[in-house]
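4 protein chains.
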Amino acid sequence: MIIMKSEATKEEVANVVKEIQKYGLRADVSIGAYRTVIGLVGDESKIPFSHFTVLPGVKEAFMVETPYKLISREYAGMSGPDIENRVIKVGDVEVGGGEPVFIAGPCAVESKEQLFRIAEGVKKAGAHILRGGIFKPRSSVHSFQGLGASGEEGAQQALGWLREAGDTFGMPVVTEIRGEGQVDLIAEYVDLIQIGARNMYDQDLITKVARKQKPILYKRHFGAGIEEFLSFTEYMVAEENKDIILCERGILPLGKGKSYSRYTLDVTAVPVIRRETYLPIMVDPSHAAGRRDLIFDLSCASIAAGACGLIIEVHYNPVEALVDGQQQITPDELEEVIIACRRVHEAVKYRKNRD
Amino acid sequence: MIIMKSEATKEEVANVVKEIQKYGLRADVSIGAYRTVIGLVGDESKIPFSHFTVLPGVKEAFMVETPYKLISREYAGMSGPDIENRVIKVGDVEVGGGEPVFIAGPCAVESKEQLFRIAEGVKKAGAHILRGGIFKPRSSVHSFQGLGASGEEGAQQALGWLREAGDTFGMPVVTEIRGEGQVDLIAEYVDLIQIGARNMYDQDLITKVARKQKPILYKRHFGAGIEEFLSFTEYMVAEENKDIILCERGILPLGKGKSYSRYTLDVTAVPVIRRETYLPIMVDPSHAAGRRDLIFDLSCASIAAGACGLIIEVHYNPVEALVDGQQQITPDELEEVIIACRRVHEAVKYRKNRD
Amino acid sequence: MIIMKSEATKEEVANVVKEIQKYGLRADVSIGAYRTVIGLVGDESKIPFSHFTVLPGVKEAFMVETPYKLISREYAGMSGPDIENRVIKVGDVEVGGGEPVFIAGPCAVESKEQLFRIAEGVKKAGAHILRGGIFKPRSSVHSFQGLGASGEEGAQQALGWLREAGDTFGMPVVTEIRGEGQVDLIAEYVDLIQIGARNMYDQDLITKVARKQKPILYKRHFGAGIEEFLSFTEYMVAEENKDIILCERGILPLGKGKSYSRYTLDVTAVPVIRRETYLPIMVDPSHAAGRRDLIFDLSCASIAAGACGLIIEVHYNPVEALVDGQQQITPDELEEVIIACRRVHEAVKYRKNRD
Amino acid sequence: MIIMKSEATKEEVANVVKEIQKYGLRADVSIGAYRTVIGLVGDESKIPFSHFTVLPGVKEAFMVETPYKLISREYAGMSGPDIENRVIKVGDVEVGGGEPVFIAGPCAVESKEQLFRIAEGVKKAGAHILRGGIFKPRSSVHSFQGLGASGEEGAQQALGWLREAGDTFGMPVVTEIRGEGQVDLIAEYVDLIQIGARNMYDQDLITKVARKQKPILYKRHFGAGIEEFLSFTEYMVAEENKDIILCERGILPLGKGKSYSRYTLDVTAVPVIRRETYLPIMVDPSHAAGRRDLIFDLSCASIAAGACGLIIEVHYNPVEALVDGQQQITPDELEEVIIACRRVHEAVKYRKNRD
């Protein structure tokens, strides 16, 4: 769509039309009371809109079509029957299949003992997938960066523990990747590769991960709009990998004064994303809240809003955790969250299936 | 708390201590490895912190105590037994008393017939309190401003209809005040006075409303932090009016690109505010979403997060509504929302009572 | 502009066209490759776009025309010759007339002596207009609210001092209004009425102030987009008062962690607003920064960006100021700012006159 | 600093003290009127504050010391004489040395001819360093990704042109790196390696780049606070590379409604960062504005605020540019910007040298 300035001349309009035709599209000119508007007929993605903004007489030029056609529910619907929600298999676990899925485990793997003790706890509490951080993204170079930072060998050992813990307790496993150097290594050990919020925009990394053809847990950056989040998802789908579980984990808090939570959980994003794409959307209340005492409430709210599951940080003794102790809950608390979330899901699920 | 610069001299520290003593507080000086930190013992609210920032050698000066002591749960707890949640009576309806309360009605009152028809519908759907906008805050001077804009007489007539509709269908009524000129008029007709998000910062107005000693529904501004929201609430409580129902209605959306909802519902604010104050916190999903199709999901999420109730815009025919048709749901849809929210509340309430 | 869903039927399109015609506009239907787009020919402001979003088959409905036609440079240009920048006379001072104008004075008037001493200082430093706060908007009910809070008599006395100080030192005067109760009183004493950021959205107040037909200094709210700011300005212009000086004073800071300034000065807004409207745009670096040591840099940057002037808080002894001492500069520092700003203005003015 | 809850017991305080001592620090306990505050004496960075938040009786735990000691002006000052601004040599060009430095060139290198023609133009206009994008970060996988996307050979060829253009016209060269796979290749060809806003958080990448021991142009992410930006800078300085030029390029726009610029230029960040660190801070007005017509104003504002230089996108024919034509200016326009910026710098430089 091209909106001309009110003072645009006929020649300027004609020039824009000519430019549009260069790209193989048809121009549809509407002459209004105040100004002329030019619609584009054809594949808008072929048009570099920024060019058009520079042409004389043009006020605005923008895309009407969605920039994420590959994962769009509306476009998918056009090319055949209505597209069902995509169900993604992580090991034996079905994500997006109707029942909420719970991913749980320590923020950071600290030792084999710690990991196994937590794995046992979260399994008993009802979790389906085991998480454990090995390459930790941290704001400060002076903080503990995870066992992966101790070199190739340390990383392999920790990944091995994660694999073993998963197998021992019957859970597929997930860990976060932080840089391109870890793609092969991580893909070898886990069932699900997590791309964290800070790497959301890292198109070289996400492309490389997608090529592994394994399921991906892809987190929204805390400063990213939904359109941007879904547009970047297309980088992975363009690699023929549609096993992407989207994850909302909180956006930047707004307003002055004290922050009462680490981020602001964007619960609105859950039903919005469910309507835009057939890919499942999960929530991480631990990083959003950054506070143990909010996990229960935010978990129930997320499931009520239609999230396909939750990823929650768990430690048997949060005081001792090397990273983010303040946001980890105990296995007993996790069990309470899971029970409540299942009840909430029962309360609303008839509607979700109808949407 | 005063944090000195690393290069601050002894004289500068002594000078700060002297200044603190001027205000009747005691200074507690800690000499650290890098710098000196000075704690304040006494009533911090007597100190104008901005003064201290200007003193030579001072790096930062900030309050450790909360700025909203009157409504703070922690301070209330110090002055006697733990404070219970405040239950506010609006007519016969108890807000904050354990069961979720539903306020519903048209965005704008358009005619007596429209109002009565909607009032009947929302009552049947299970609503407890009737809302109806008469003085509409609008972004454009060129838009319909509500029947209140037609002058004193028109305003009185519309308020009379609201009162009558409430009495006819057995519901207390609420309407929004927009300016100081409407305080007496509105207070005469309604059971609950709504102060909208755009007037949150209007300290002259909120003080004047509070003096009416009627219950108030006080909405958070879309750019306000929680601390600021609670600090402004103190203006009303300082007038000896503690019947304040707080209301979250969405904050500014973050990120570039298309906005998929009018605002971003800050669900995290619900459990945070419940922990900070004994005043009840409600949610307005209609203005947060600005989309009819998100109301169900956001309503359930809000109740799951611990909201004491919801305020929802309803119209029997959203297409015909003069204002905000796109965010209004029908009475039948309201009924579905209320039933689902009650089920969600059942699923989580054991926990809310324990928090 | 109405964008239909890809799956919209012919009947749905026809229905939208019929609806548009009801409002007296003409519909211009473009059938594209993926979807149909309907343009509106006629006065878009007659259309309640929210209605159209609710109609079956509609994906999006939005206005193409600007919502602030009365003050828009583009629309003004259409109705005759190109509109010149509006020059506003405040007493003898011309704002928007080419040379930068400096408004200065204490954050809060504390006493006659304090005010006169500062007035003398800022005059000597080169200021043109004297500011002095009498009704102070404050975040906490427990803070000093200005001399205006001491009742009608106290307010009149303080306003009298301001008038007298202005007359004595040959400067027109400005003070901030905070509530509708102060309109008559303030209009009697000052040459320019300031509407603060927190009251930007207060349409009853701004309308009432505009009716006084005096020049207005209108500050952007820290959470307001530019479109919203300009739309609300139309409330005043609709009262036939075009003597509105717009003022940017900082928006909410973004990002996590420590805030190094009170707000973020939106310098980009200056050239943007100059292109959108013929009304002049000024900057308040004091409230944006909240730090004395940033005033020089932000002042020069604002003038470089094309601001028509600055409003700066000044105190001979910031340590003693009752309000916001940390952001006030001394008269000597003001003089340095004014000299530098004039040099910066000289460096860029040839271009401003060309834009 | 640890702030205890008002109801904390003596045992809880003692327990916190014991925990602090475990980390080798000394605890300094202040018993106030409402609550106890515990200061830490020693190296705070050894303390995982999140642990302390979980301890019984603790309300808040936070760091008083800055998290970016390595680049902090205050800490540098403590370890010896006051640290001078760091001057960084990029080829023969001194960045941060007093005179503003201009980096200019095309957004994307499209061909050898295009690059040479622009290089010649920007040199003539007064630019010091040549920029040219080869690996383009793009929001959409369907957009042109730069010549670097055509494989190793294409990337080498384009980098070769950049090197040759720089040598031909006597300018050092800079290009943006996007992924770890490009580190060796890019380091071989350029004098300055740019890390773009989207990669700001990519700690694996920035660490790897820093190890090349070449000067780095490091852009702030559009959602990053200043503290976070400086903390991530420490990842590079920890690799013993202090040749980091910081760059502000706009933060997320705030507020509802139309965006008039791509981002909001955070001019306040310039003087703030100059006070926090001795590293130089530059501005990119092209990406901040996203509009050609704002470049002049924002450039002058940035220099007025104290920026050490500018990076500006230039194309001889913006309409033809393959990427971001709407924000590129012509060489003639660049010349006008440079002349004006130099005049602005003259107007304010006496002060910058004094700060």
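Residue numbers (our numbering), protein chains in the order written: chain A, 3 to 357; chain B, 3 to 357; chain C, 3 to 357; chain D, 3 to 357. Just so it is clear, CB atoms sit at the ideal spot from N, CA and C, and this is done for glycine as well.
Taking all protein chains shown into account, B/F231 has 16 or more neighbouring C-beta atoms within 10 Å of its C-beta and is therefore buried. Taking C-beta atoms under 8 Å as the contact rule, D/C249 and D/D286 qualify, at a distance of about 6 Å. If you draw a 10 Å sphere on the C-beta of B/T11, you find fewer than 16 other C-beta atoms in it, and that means exposed. For D/L256, the secondary structure class from DSSP, reduced to helix, strand or coil, is coil. In this structure, DSSP gives D/V272 a helical state, which the three-state scheme calls helix. As a beta-bridge residue in DSSP terms, A/M6 pairs with A/V60. Non-local beta-carbon contacts of D/A307 in its own chain, meaning distances under 7 Å to residues more than five positions away in sequence, involve V269, V272 and P273 in chain order. Here DSSP, grouped into helix, strand and coil, assigns C/L267 to coil. Nothing from the segment 120 to 138 of chain A brings a Cβ to less than 7 Å from some Cβ of chain D.
Contact between A/L194 and A/L161 fails: their C-beta atoms lie close to 13 Å from each other, not under 8 Å. Ranked by Cα distance from B/K214, the options B/K244, B/Y203, B/A226 and B/G198 are led by B/K244. The segment 291 to 344 of chain A is shown to contain whole beta strand (DSSP E) runs of 3 or more residues at 311 to 315, in chain order. The beta carbons of B/V103 and B/H144 sit no closer together than 8 Å. Within the same chain, Cβ atoms closer than 7 Å to the Cβ of A/V211 are found at I179, V185, I195, I197 and I218, the five residues on either side in sequence being excluded. Taking 8 Å as the cut-off, the Cβ atoms of D/G128 and D/L164 do not count as close. With a threshold of 8 Å between beta carbons, C/K258 makes contact with chain A. Annotation for C/G98: N87, R88, V89, I90, I247, L281, P282 and C310 place their beta carbon closer than 8 Å to its own, counting only its chain and skipping 5 residues before and after. Non-local C-beta neighbours of B/S288 in its own chain, meaning closer than 6 Å and more than five positions away in sequence, comprise I314, E315 and Q329, ordered along the chain. The C-alpha of A/T266 lies about 8 Å from the C-alpha of A/L256.
Each residue's CA atom was taken as its position, placing C/V56 and C/G100 some 49 Å apart.
By the Cβ-count criterion, A/A290 is buried, with 16 or more other Cβ atoms from all chains shown falling within 10 Å of its own Cβ. Proximity of D/V43 to chain B, defined by a Cβ-Cβ separation below 8 Å, is satisfied. Separation of the CB atoms of B/I5 and B/E62 is rounded to 5 Å, and the pair is thereby assigned contact status at 8 Å. In this structure, D/S141 and A/S233 form a Cβ contact; the two beta carbons are roughly 5 Å apart against a cut-off of 8 Å. From the listed residues B/R294, B/V321 and B/I40, the smallest Cα separation to B/L336 is found for B/R294. Distance check between D/D206 and each of D/V92, D/A189, D/R119 and D/E241 places D/E241 closest, using alpha-carbon atoms only. B/Y280 sits in coil when the DSSP states are folded into three classes, being neither helix nor strand. Within chain D, no residue has its beta carbon less than 8 Å from that of A/A342; the closest one is some 22 Å off. Going by C-alpha positions, B/V95 is about 24 Å away from B/K114.
Annotation for C/A16: no residue places its beta carbon closer than 6 Å to its own, counting only its chain and skipping 5 residues before and after.
Of the candidates A/I40, A/Y36 and A/Y191, the residue whose Cα lies closest to the Cα of C/D45 is A/Y36. Interface flag for A/R200 against chain D is set, since a Cβ pair is found closer than 8 Å. A/V43 is positioned such that its CB atom lies no closer than 8 Å to that of A/M3.
Using a 10 angstroms sphere on the CB of C/T279, the tally of other CB atoms reaches 16 or more, which defines it as buried. Collapsing the DSSP output to three states places C/I49 in coil. Taking 9 Å as the Cβ-Cβ cut-off, the segment 224 to 237 of chain B approaches chain C at F224, G225, A226, G227, E229, E230, S233, F234, E236 and Y237, given in chain order.
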